[in-house]
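Read through the structure below, which is laid out as structure tokens, and then see the notes.
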Amino acid sequence: MAAVSSVFARELRAYFFTPLAYVFIAVFLLALGAFTFEIGRFFDTNRADLAPFFFFHPWLYLVFLPAVTMRLWAEEIRSGTLELLLTLPAPIWSLAIGKFLAAWSVAGIALLLTFPMWVTVNYLGSPDNTAIILAYLMSFMMAGGYIALSSAMSALAGNQVVAFVMAVTIGFVFTAMGLPLVASGLAELFGAGVAENARSFSFLTHFEAAQRGVLELRALLFYSGFIILWLVLNTLWIASRRAS
3 MAAVSSVFAR
13 ELRAYFFTPL
23 AYVFIAVFLL
33 ALGAFTFEIG
43 RFFDTNRADL
53 APFFFFHPWL
63 YLVFLPAVTM
73 RLWAEEIRSG
83 TLELLLTLPA
93 PIWSLAIGKF
103 LAAWSVAGIA
113 LLLTFPMWVT
123 VNYLGSPDNT
133 AIILAYLMSF
143 MMAGGYIALS
153 SAMSALAGNQ
163 VVAFVMAVTI
173 GFVFTAMGLP
183 LVASGLAELF
193 GAGVAENARS
203 FSFLTHFEAA
213 QRGVLELRAL
223 LFYSGFIILW
233 LVLNTLWIAS
243 RRAS
């Protein structure tokens, strides 16, 4: 855990000692606000909830989180500091977790800074604040899934641009499988069973219940398992680089 804490602090400083974290947070908040008010027509719904706000989270995470995470391992590989990092008296899994937690913290800070939306909807009406808290929690878990995937792609590719493209592509698959259009297409081609199984692996599917204020154990297990899976792959891919 000492190694995890050291790597976490190192990576978090790297984010905030450069413009990266500030630019990411600013652009993410601006994009989320624009999508919520312009495309989601927040005020036109005449409802005291944050449904238009949370609707765009998966799609913005799909693009923004790979952009902020693609450097985690690729930059170490490019600059030649990976060899130095791997000589530290710490297991590789602790390095992977430390880097992941740093990126996840940046995403969490960006999410916390959206609190004016929550204040606004409480000013305009009487929303179900328990449901909003649950949606925030599951949004944070979903962000962790995208970050774990992007970090693993950074370790695998060793190049920031390639890692970004790979993370967005794979993330899009795990997101789009929950769309009704995709589900109906899979049902026509392969049957309803295949379509339902595909939906169960989608970020959207497990986020929908939280938006309705329903806490599902399977959603927590899905996001937790997704994070663990990609952290394990991240560790294995870095271990293979050390072995080679």
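With my numbering applied, the sequence shown corresponds to residues 3 to 246, in that order.
All residues carry an ideal CB built from backbone N, CA and C; glycine is no exception.
Could you give the distance in angstroms between the alpha-carbon of R244 and the alpha-carbon of I79?
Counting from one through the sequence shown, the residue named residue 244 turns up at place 242. Counting from one through the sequence shown, the residue named residue 79 turns up at place 77. Near 11 angstroms, if we compare the C-alpha coordinates of I79 and R244.
Would you identify the three-state DSSP class for P91, choosing helix, strand or coil?
Taking the first residue of the sequence shown as 1, we reach residue 91 at position 89. Coil.
Unbroken stretches of the alpha helix (DSSP H), 4 residues or longer, contained in the stretch 122-209:
Counting whole runs of 4 or more residues, the stretch 122-209 contains the alpha helix (DSSP H) stretches 131-159, 162-178, 182-192, 194-201.
Taking the C-alpha atoms as reference points, what is the distance between E13 and W106?
By one-based count along the sequence shown, residue 13 stands at place 11. By one-based count along the sequence shown, residue 106 stands at place 104. If you take the alpha carbons of E13 and W106, they lie about 11 angstroms apart.
Is it buried or exposed for A236, if we count other Cβ within 10 angstroms and need 16 for buried?
Residue numbering aside, residue 236 sits at position 234 when the sequence shown is read from its first letter. Going by the sequence as given, residue 236 is Asn instead of Ala. So N236 ends up on the buried side.
C-alpha gap between M119 and Q213, whole angstroms
Position 117 of the sequence shown, counting from 1, holds the residue named residue 119. Position 211 of the sequence shown, counting from 1, holds the residue named residue 213. Here the C-alpha atom of M119 lies approximately 15 angstroms from the C-alpha atom of Q213.
From F10 to L183, what distance separates their C-alpha atoms?
As a first step, residue 10 is located in the sequence shown; it is residue number 8 there, counting from the start. As a first step, residue 183 is located in the sequence shown; it is residue number 181 there, counting from the start. One C-alpha to the other measures close to 40 angstroms.
With a 10 Å radius around its C-beta and 16 neighbouring C-beta atoms as the bar for buried, classify R201 as buried or exposed.
By 1-based counting over the sequence shown, the position of residue 201 is 199. Within a 10 Å sphere around the beta-carbon of R201 sit 16 or more other beta-carbons, which makes this residue buried.
Let me make sure I understand the geometry here. Which of L90, L222, F102, L113 has the alpha-carbon closest to that of V29?
The residue labelled residue 29 in the question sits at position 27 within the sequence shown. Ranking L90, L222, F102, L113 by Cα distance to V29 puts L113 first.
With P68 as the anchor, note down where its alpha helix (DSSP H) starts and where it stops.
Position 66 of the sequence shown, counting from 1, holds the residue named residue 68. Here the alpha helix (DSSP H) through P68 covers 59-71.
Secondary structure of G35, DSSP reduced to three states:
As a working note, residue 35 is residue 33 in the sequence shown. Of the three classes helix, strand and coil, the one that applies to G35 here is helix, per DSSP.
DSSP three-state label for L52, please.
For the purposes of this step, residue 52 is identified with residue 50 of the sequence shown, where counting begins at 1. For L52, the three-state secondary structure derived from DSSP is coil.
According to DSSP, is E85 part of a helix, a strand, or is it coil?
Here residue 85 corresponds to residue number 83 of the sequence shown, with the count starting at 1. E85: helix per DSSP, three-state reduction.
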